[in-house]
Every structure is written in C-alpha cells, then in structure tokens.
Amino acid sequence: MDTEKLAALAQEAEDRLQSVFRGFEHTAQINTARVLRAFREYRVSEACFAGTTGYGYDDLGRETLEKVYAKVFGAESALVRTTFVNGTHAIACALYGALRPGDTILSVTGAPYDTLHAAITGAARGSLASCGVHYRQLELSPDGGPDWENIRAAAAALRPAVVYLQRSRGYADRRALYTEEIGRAADVVKSVSPDTAVVVDNCYGEFVEEREPCAVGADLIAGSLIKNPGGGLAPMGGYVAGRADLVEYAAERLTLPGIGSECGATLNTGRLLFQGFFLAPHTVSQALKTMAFAAAVLEALGFETFPAAGERRGDIIQTVRLKTADNLVRFCQGIQKGSPVDSFAAPVPGDMPGYDSQVVMAAGTFIQGASLELSCDGPVREPYLGFLQGGLTYEAGKYGVLSALEEMLR
Ligand SMILES: *Cc1c(COP(=O)(O)O)cnc(C)c1O
C-alpha cells in the first residue's frame, strides 16, 4: 500500500473518531480537576520539590505527594516510592502486607500477571505459598466480566483474607474490568465476608475512567509509576493506596516493621513525580487516542482488534490479531522506527524466560521499559497477537502507528 492511501485511511479514521476522542478529553478534564484540587488542598509548593537524602525523615515532598495520591485515588492513604523497583514489587508488597500464614488469597480474574506467579504461588523460599498462604482462583465469565455467582459462593465458603482482581488485560486474552465492576465485586465479597480485603492490580488502569477502584469500595490498589500515574516523567517506582492499615503493612514490607513509611529519601525525584502526576490524566488521554486511532486504521485494513476502535476502554492496551508472524515482527519494527529513542534499532524475536514461544518487543522509550510510552510486543505464535500500548502525545503516537503500518504493509 502506498503512503498516500495510508494517509487517506488515517484521515478517515481520525474523522470517524472525533466523538470517541471527545470522550477521552472529557475524562482527562474531570481527572485533571481532581488532581488540581488535591494539589491545592495539600498546598503543593516549590518546597515540595527539594528532596531529602539519607534516612529521608520529614520529607515534605514525599509526604505531600502521598496525600495527593490518596486524595485523587479516593484512598485513606498512599505510599508512593521510587524504591519500588516496578509494579510487580508494589503489588507484591501490598499482598505480603495484607496476608499472614494460613490465610487465603482468592484471585477472581483468572491467573495474576505473569511476573507475580513466582511471588504468589512459586515454590521458592519466600513466596507467599512457601509462607503458608493458600491460593485459589476463579476465571472470568464468558462475557469477560467477573463471575458474580461463583465469587459470592467462594468468598462465603473460603472467607479469604484477600480477594484479588487484575483491572487491566495485561497480556491475557481478556478485556479490562470497568470501575463499576470492581465496585460491584467489592460489594459482593463484603456482603458475605466483610473482613476480606479487596486488593486490585491497578496497572494500566489509572485515569482511564473518572473514578479509581478505592473510590468504589476496593481496600487496596497498587501500580507502577512508569505506567499511567507517572505521566511519562516519573523515572521509576510504584505506589500502593487504600485503607491506612493495609498501606502501612505494605510499607513495612518495602522497608521493615518499625520503619514502615517513615523513611525513604527522595533525592531529586520530587518534582518529576508531582509533575508527572499532574500530567498523567492528559497523557493517558493521549495514549487512549493513539490506541483508538490504531484500532480504527487496523480495522479498515481488515484486522481484528480488541477493544474495537469505538468500544469502551478500561485500560491503555490495544490488542490486535496480526494474522502472521511476519506482520507481527514488521509491525513492531515499524513502531520502533517511529519512536523518539533507538529508532535505528530493529527488534527481532527472542527467547524470554517464562514464555514457551519467542517474543518480539518494540520500545523506543525515554524511560527504560516505560509502557505509557508507545510500545508494542507479542509472543510469536498463533494468533499473532500484538499488544500495543501508550503514546505520550497523540501526535507522536499516530506517527508511530503509521510507521508500523507502513513497515507491515510494505
Ligand atoms: C505492568 C503490569 C504489572 C507490573 O509489571 P512491572 O513490569 O513489574 O511494572 C502488573 N500487572 C499488570 C496487569 C501489568 O500490566
């Protein structure tokens, strides 16, 4: 296909998406207002950007940022730290804090994200399983949402200490949960087991909707700062937010009992975390526009997309069935070529621990592995699903997607 024909398809897609785009902009407006109200309430000022060294006692910036996160996420308190090495670490601290030997964790959205398996069910010393925490799992129902009847029955029978939900699709063949489904899950669980803590892997979901899980009944959420809430500026880190006691238990796992959330120097990261959180609702809207645009053009070219271009979104991931290995690899190579960093590199499929097929990954990002930045990857096997996500600006996202299509259709 020549460039002109592709440009015409892109223009048509964009025209068709105007009302979808307005929806994302509306959500960004609501969420930005909530962020700004929290900044005002907690008096964010230049003094908050100074940072501390050493033990990090009385870190005004850290303490203020954690209040801002808590407020915006509808939580009692929050722990926002660059010393979480990634989202997996934040989620794991949330779980290790909430669970004791003999307790049960019931996952109600199928298997947790791959990187958590070793910590939850793994045989290694130090896993939750090896500490005597029992794991049970329910699958999603055929409509892609929670299986309400089974959740009610299992929660009543097991009285689990934790019911666990993963909001985003991650890299599974499922859709994201919507906020009201998370709220309903919390209601269902608490109606039969009031002491159960509802814990949500919130990765990729922040600011996609107008409310976050804690505002609708979840007890604890956790996620990564190099995804949505970092706004593209946070250089590293993760967060946990929710009920104050559970947040402090998580802090005692990040540090240790007796220290908890009291310590943790911020060095020079303060401004980036504030500014990133300020930008995040907008940046998420840019990523969502990029995904809808990609879906619309790919649909016009005859590819299957999940969600479809105009469909409701619960996370910033776009799944595409690219039909052949060649398409998948070239699509990723085009994403890389259209990226601001390492545009000269050509990703090729390689072996990855934990995968039974080769995986191809494209990420030309400013922050290593940051997937609020445009990136794409997929296991090189049937049905050749590409998982596309991010886009710091719609303009660059669109450019990257068109670069991928050019490469694939060449
Ligand atoms: C990204 C992600 C995580 C955490 O992954 P990290 O790479 O450790 O930040 C967990 N769950 C889901 C659904 C994710 O998308």
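Here the sequence shown is numbered in numbering that gives the first Met the number 0, starting from 0 and rising by one per residue.
Using N, Cα and C, we set each Cβ at its ideal position, and we do this for glycine too.
If you're wondering where the values come from, they're calculated on a predicted model, not measured in any experiment.
Can you tell me the Cβ-Cβ gap for residue i and residue j, rounded? I've got them flagged as a contact below 8 Å.
i      : j      : result
Leu219 : Val198 : 5 Å
Phe305 : Gly385 : Actually they are not in contact, since the Cβ atoms of Phe305 and Gly385 sit about 11 Å apart, beyond 8 Å.
Ala160 : Asp102 : 4 Å
Gly230 : Gly275 : 3 Å
Thr26  : Gly263 : Not quite, the Cβ-Cβ distance comes to about 32 Å (not below 8 Å), so this is no contact.
Leu59  : Cys47  : 6 Å
What residue range is occupied by the uninterrupted beta strand (DSSP E) comprising residue i?
i      : result
Leu384 : 384-388
Ile181 : It is not in any beta strand (DSSP E) - Ile181 instead sits in the alpha helix (DSSP H) that spans 178-191.
Val84  : No beta strand (DSSP E) holds Val84; DSSP gives it neither H nor E.
Phe305 : 303-305
Ala361 : 358-362
Just the C-alpha distance for residue i and residue j, rounded to the nearest angstrom, thanks.
i      : j      : result
Phe343 : Ala243 : 47 Å
Thr282 : Ser223 : 15 Å
Thr265 : Thr52  : 7 Å
Val79  : Gly236 : 8 Å
Thr63  : Asp57  : 10 Å
Ala128 : Ile119 : 6 Å
Gln388 : Ala362 : 10 Å
Ser190 : Ala97  : 20 Å
Phe72  : Tyr95  : 22 Å
Val132 : Gly125 : 11 Å
Asp146 : Val187 : 11 Å
Ala122 : Thr289 : 40 Å
Ala249 : Thr2   : 52 Å
Ser402 : Arg173 : 27 Å
Cys92  : Leu321 : 37 Å
Glu179 : Val215 : 7 Å
Gly257 : Gly109 : 35 Å
Less than 7 Å between the CB of residue i and some heavy atom of ligand 1, yes or no?
i      : result
Ile366 : no
Ile90  : yes
Gln165 : yes
Gly86  : yes
Cys262 : no
Tyr68  : no
Tyr203 : yes
Less than 8 Å between the beta carbons of residue i and residue j, yes or no?
i      : j      : result
Ala240 : Cys213 : yes
Ala324 : Ala308 : no
Leu139 : Ala153 : no
Ala279 : Asn227 : yes
Leu105 : Val162 : yes
Gln357 : Val379 : yes
Leu327 : Tyr383 : yes
Ala286 : Leu245 : no
Arg135 : Leu157 : yes
Leu8   : Ala299 : yes
Could you check where the alpha helix (DSSP H) with residue i kicks off and where it finishes?
i      : result
Ala293 : 269-299
Val67  : 59-71
Ile315 : First-last for Ile315: undefined, no H or E at that position.
Ala155 : 147-157
Ile225 : It is not in any alpha helix (DSSP H) - Ile225 carries neither H nor E in the DSSP assignment.
Ser374 : Here Ser374 belongs to no alpha helix (DSSP H); instead the beta strand (DSSP E) covers 374-378.
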